[in-house]
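Chemist:
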Amino acid sequence: MPDHEESSPGRVRLGVDVGGTFTDLVAVDRDGTLRFAKVPSVPADPSSGVLAAVAAAALAGPQVGAFAHGTTVATNALLERAGARTALVTTRGFRDVIEIGRQNRPSLYDLTRDRPPSLVPRELRFTVAERCGPHGVIEPLRAAEVGRVVEEVAAVPGLEAVAVCLLFSFAHPGHERILADALRRRLPAVTVVASSEILPVFREYERFTTAAADAYLTPRLSSYLRQLERRCAGHGLTVPAIMQSSGGVAELSEAAGHAARCVLSGPAGGVVGAAYVAGLSGVRDLLTFDMGGTSTDVAPVLGGQALTTSESVLAGVPVMLPAVDVHSVSAGGGSIAWVDGGGALRVGPRSAGADPGPACYGRGGTRPTVTDADLYLGYLADGAGLGGEVILSRAAAEAALRDLGEPLGLTPEQTAAGVVAVADAEMTRALRVVSVERGIDPRELVLVAFGGAGGTHACALADELGITRVLVPLAAGVLSALGLAIGDVRRDHARPLLGRLGSVDLAGAFAGLVAGTELPRSGPEAAPGPAGQVTLQRRVDCRYVGQSHELTIDVDEVAAGAEPTPEVESTSADGTGAGAGAGGGRVAEAVRAAFEAEHLRRYGHIAAEREIETVAVRLVVTVRGPRPAPVAPPADPSARRGHRRAWTEGEWHRIDVIPRAALGAGEVVAGPAVVEFAESTCLVRRGWTGMVDEVGTLVLTHGGTA
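Under numbering that gives the first Met the number 0, think of the first position of the sequence shown as 0, with each following residue one higher.
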């Protein structure tokens, strides 16, 4: 990278991503100059890793104009069931909805598989006499009943959070609001979440579980974010914005108030960064492949836009909030290799994490990991430094691999090759989930590899999937942090709208959403031009009448200034009304056509004779982040090339080792070779050729010249 000149006050945008093994930082100047840093994460206190990364980048508080942060605090609390002590208040007779759930079985033939435990134990679920139906109140909520249940909840020792989840509150939230307000007055130190506040859409099970997850996670995330805010203030840093699962950032206070919106905070930044750098290289349809220290995250990006979903299930808990369509598997660099009872080699889900880390880190770890296998096979350099504190030891990796392989009669290289093959198979399956199982042909896409280990395994995965182009960005090792630094400010809103397409008033529903929305403002750090522009994107959830699940269809995308005009609020992109009324028929036809095209892609068929009904309308409000235009740094003549023994095609070969800094725009690399980036490594396999493009991305092509 070129030297970063001293920045004027407030010019730099920071992105800091805390992963399971490393904390990554990218600083973006307004001229597009980038600065990277990578330090070991501190699981006991992630904020220490954040400040250590800022210090490693030699940045002072006055230089920073904006700061975005991705965190796994909420994710880990959900995975480890380490959230707050939470109670639930619900309509009488529906106490066990969150435990009964749906009838679907993820492991259909595994009779020993238990359902994950509920976030709220049965003894902490309270009921209240009231009832609303689709058309309004059936049984009123009386003051005596409110007082009774509030006192019962207040008597719970050590209570930290309460979720209020009543029937039909998405359409008639009055009873929920009364109960939530009463609980907040009685228990001011307790987090209270009403389901109609976090998810005002139908389906009580998913709405209840989402509200319960929000209540369960918010105290933990809020505590961490407030601590981070104080520590940043002590170092003169601006208050960080927080990446949400949807791929947009929100103010720290918003994130601290509703943690369920941030359960995919870390992976979302990587998808945003991958879509951005791929776009700079002229690629708009891609699969992201983020292989970090603890897990691998993959996602599809079509037309330059990350696909989102509102049907995520995390650690067995449905969280029905907008999220980037990421699929994660436990196959990161730190995933531990082991042998199961049948003598088969397995990788993950346990990870060595940052402490003690893989055996090759020399920090107390003794069990072999994917990183140990990569190091022993020559893909990583013996004695290389990671994060400024870790020095890789091939001898330690060999000892761990030998201990694993000897009982199986395997040599260290056979064991290492087996570990890599098992990990590659798991990651290939993950890529199939987000492509083939979504009706997307991976052969038509480009694979964008990033994370510390993404480039090392990318060519092997591409070969398995028939992908012929792979991009390894200049910032591959810290791309999630880059996605944070350039991320849009985003808010998502939803409202139920049940009815037949063509009969419902889409225009009125969207106008109501816009009218009730406080638009986010662009900050002084926004770059000139498109950055800072407010965009309203309207979507509608549709399904064939009788179906159980919906598809979300974009109605239009309207760009406006800081305040929308009345025309923006009620007009579609082609100038017609967006529902029943003038032009409503044309819009309904367009929505039906878009729905059936998506239905055909996802499920392979359409039912032209069936009517379509709407379920909900959604409004996505974004403030565009800056989009710097980095250029490829010139080749560093002092960067020394070399050779190393590496295991390829089933035997040892002497292959080229090229520092990424030695490659300028237009330079070509022929495989087999290793390209060593500052924060990651790329293995160019035999049959692949790489060329550095004008923005510094290494473009790998299979079966021909780059």
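For each residue, glycine too, the CB sits at the ideal point set by N, CA and C.
Taking the beta carbon of A43 as the centre, do at least 16 other beta carbons fall within 10 Å, making it buried, or is it exposed?
Modeler: With fewer than 16 Cβ atoms within 10 Å of its Cβ, A43 is classed as exposed.
Chemist: Using CA coordinates, which residue listed in P105, P120, V119 is at the minimum distance from D113?
Modeler: Out of P105, P120, V119, P105 has the C-alpha closest to the C-alpha of D113.
Chemist: Starting from D655 and walking both ways along the alpha helix (DSSP H), at which residues does that stretch end?
Modeler: Note, D655: premise wrong, no alpha helix (DSSP H); beta strand (DSSP E) at 650 to 658.
Chemist: Quick one: what does DSSP say E568 is sitting in, helix, strand or coil?
Modeler: With a pLDDT of 35 at E568, under the threshold of 50, the modelled position of that residue is not reliable, and no figure is offered here.
Chemist: Run through the region 35 to 81 for me and flag every whole alpha helix (DSSP H) of 4 or more residues, listed as ranges in chain order.
Modeler: Runs found: 45 to 55, 72 to 78.
Chemist: Alpha carbons only, please: which of C131, G233, V445, A638 is nearest the one belonging to G663?
Modeler: Cα-wise, what sits closest to G663 is A638.
Chemist: Check whether the Cβ atoms of S479 and D16 lie closer than 7 angstroms to each other.
Modeler: Yes. Within cutoff.
Chemist: Could you name the residues of the same chain whose beta carbon sits closer than 6 angstroms to that of A452, not counting the 5 residues immediately before and after it, in chain order?
Modeler: Excluding residues within five positions, the ones whose Cβ falls inside 6 angstroms are M290, G332.
Chemist: Mind checking whether G14 and A54 have CB atoms under 7 angstroms apart?
Modeler: Cβ atoms of G14 and A54: not closer than 7 angstroms.
Chemist: G641 bridges to which residues according to DSSP?
Modeler: Bridge partners of G641: V656.
Chemist: Looking only at its own chain, which residues have a Cβ that is under 6 angstroms from the Cβ of A162, when we skip the five neighbours before and after it?
Modeler: Same-chain partners within the cutoff: L87, V192, A210, A211, A214.
Chemist: Which residue or residues does DSSP assign as beta-bridge partners of S334?
Modeler: In DSSP, S334 forms a bridge with S350.
Chemist: Could you tell me whether the Cβ atoms of R640 and I657 are closer together than 7 angstroms?
Modeler: Cβ atoms of R640 and I657: closer than 7 angstroms.
Chemist: What does a CB cutoff of less than 8 angstroms around L618 pick up in its chain, not counting 5 residues either side in sequence?
Modeler: Excluding residues within five positions, the ones whose Cβ falls inside 8 angstroms are D491, H492, A493, F509, L512, V513, T516, L535, Q536, R537, R538.
Chemist: Could you tell me whether the region 450 to 470 touches the region 393 to 406, where touching means 3 or more Cβ pairs closer than 8 angstroms?
Modeler: Not touching, per the Cβ criterion.
Chemist: How about A429 and H326: do their beta carbons lie closer than 7 angstroms?
Modeler: Cβ atoms of A429 and H326: closer than 7 angstroms.
Chemist: Here's the rule: buried if 16 or more other CB atoms are within 10 angstroms of the residue's CB, otherwise exposed. What is D487?
Modeler: Flag for D487 reads buried.
Chemist: Should the region 114 to 132 be regarded as contacting the region 141 to 153, the criterion being three or more beta carbon pairs within less than 8 angstroms?
Modeler: Yes: the two stretches touch, three or more of their Cβ pairs being nearer than 8 angstroms.
Chemist: With burial defined as no fewer than 16 other Cβ atoms inside 10 Å of the residue's Cβ, what is the status of H604: buried or exposed?
Modeler: Burial call: exposed.
Chemist: Considering just the uninterrupted stretch of the beta strand (DSSP E) at D462, what are its terminal residues?
Modeler: Premise fails: D462 lies in the alpha helix (DSSP H), 453 to 464, not in any beta strand (DSSP E).
Chemist: When the Cα atoms are used, what is the spatial distance from V622 to A240?
Modeler: Taking the straight line from one Cα to the other gives about 13 angstroms.
Chemist: Please check the pair T293 and T20, which I expect to be a contact at CB under 8 angstroms, by giving their CB distance rounded to whole angstroms.
Modeler: T293 to T20, Cβ: 6 angstroms. Contact.
Chemist: G69 to S245, Cα distance in whole Å?
Modeler: Their Cα atoms are separated by approximately 12 angstroms.
Chemist: Given R183, which residues of its chain have a CB within under 7 angstroms of its CB, disregarding the five upstream and five downstream residues?
Modeler: Answer for R183: V191, listed in chain order.
Chemist: Buried or exposed: which applies to E524, given that a residue is buried once 16 or more other Cβ atoms fall within 10 Å of its Cβ?
Modeler: Note that E524 scores a pLDDT of 40, beneath 50, so its modelled location is shaky; the value from the coordinates is reported in the next line. So E524 ends up on the buried side.
Chemist: How far does the alpha helix (DSSP H) with L374 in it extend, from its first residue to its last?
Modeler: Where L374 is concerned, the enclosing alpha helix (DSSP H) stretches over 369 to 375.
Chemist: In angstroms, rounded to a whole number, what distance separates the CA positions of F93 and D296?
Modeler: Roughly 36 angstroms separates the two Cα atoms.
Chemist: Do the CB positions of Y543 and A484 come within less than 7 angstroms of each other?
Modeler: For Y543 and A484, no; Cβs fall outside 7 angstroms.
Chemist: Would you call R206 buried or exposed, if buried means 16 or more other Cβ atoms sit within 10 Å of its Cβ?
Modeler: Its Cβ being crowded by 16 or more others within 10 Å, R206 is buried.
Chemist: Using three-state DSSP, classify E138 as helix, strand or coil.
Modeler: E138 falls in the strand class under three-state DSSP.
Chemist: Report buried or exposed for V11, applying the criterion of at least 16 other Cβ atoms within 10 angstroms of its Cβ.
Modeler: Buried.
Chemist: Would the beta-carbon of P317 fall within 7 angstroms of that of L306?
Modeler: The answer is no: Cβ separation not under 7 angstroms.
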